[in-house]
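Presented below is the structure to which this report refers.
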Amino acid sequence: MNTLKNISLLFIAALFFASCSKDDNEETIPAMANIEITNVEDGQMFTLNEEATITATLYIPNGEFSNSKLVFKATEGEETIIVDLVGKNPNIAGEKTVYLSATVAPKAPGTYQLHAQFDYSGDDAQSIIISDELNVASGAFLPEE
């Protein structure tokens, strides 16, 4: 009975140690293919006719990706703006993290839904992977007096 108690205490101590030893600075790697816009926040404003660089991080556990795009869809009307996301594709097989960017200069004021997407083929499947959608706006701003 005493031995069983000691083993259970040892097991609990090991679990406690394992949960406390995780480094909070570790970057978690997703289990499936995804893409994330990294430098734009929901509700962000863009200035008309001023270039802005938007960055995205693409991750695939294996397989290949192509046709990476940034899509702006007007919330009013049918206007859709599609821009290529470009970046260096590492020449390695298997798991990849790719950093992409696109430069945009809004020409018309309004609100848009923004997302990034790419075509993915791997694990005998093909699909389009889409990031979370962000609501952004563009407009002209008057200088402060």
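Per mature numbering (1 follows the signal peptide of the UniProt record, and there is no 0), the sequence shown runs over residues -21 to -1, 1 to 124.
Each residue gets a CB set at the ideal place from its N, CA and C atoms; glycine is no exception.
Buried or exposed by the 16-neighbour rule on C-beta atoms within 10 Å, applied to residue i
i	result
Ile107	exposed
Ser(-1)	For Ser(-1), the predicted structure reports a pLDDT of 49, less than 50, and the residue's modelled location is therefore unreliable. The matter cannot be settled from this model.
Pro85	buried
Ala119	exposed
Gln105	exposed
Ile61	exposed
Ser110	buried
Per DSSP, the bridge partner or partners of residue i
i	result
Lys67	DSSP lists no partner for Lys67.
Asp98	Ser45 and Ile107
Gly118	Thr26
Ala81	Ile33
Lys75	Ile39
Thr59	Lys52
Range of the contiguous beta strand (DSSP E) that encloses residue i
i	result
Ala53	Glu43 to Ala53
Gly22	Gly22 -> no beta strand (DSSP E), and no H or E assigned at all.
Glu15	Asn13 to Ile16
Ala35	Ala31 to Ile39
Reference residue i; option with closest CA among the options
i	options	result
Ala53	Thr90, Ile33, Gly101 and Thr34	Thr90
Glu43	Ala119, Ser110, Tyr99 and Gly118	Tyr99
Asn41	Lys75, Ala95 and His94	Lys75
Glu58	Ala87, Phe25, Asp111 and Asn13	Ala87
Lys48	Glu55, Ile39, Ala31 and Gly66	Gly66
Ala72	Phe25, Leu113 and Tyr38	Tyr38
Ala12	Leu93, Thr36, Leu64 and Gln92	Thr36
Glu29	Thr82, Asp102 and Thr17	Thr82
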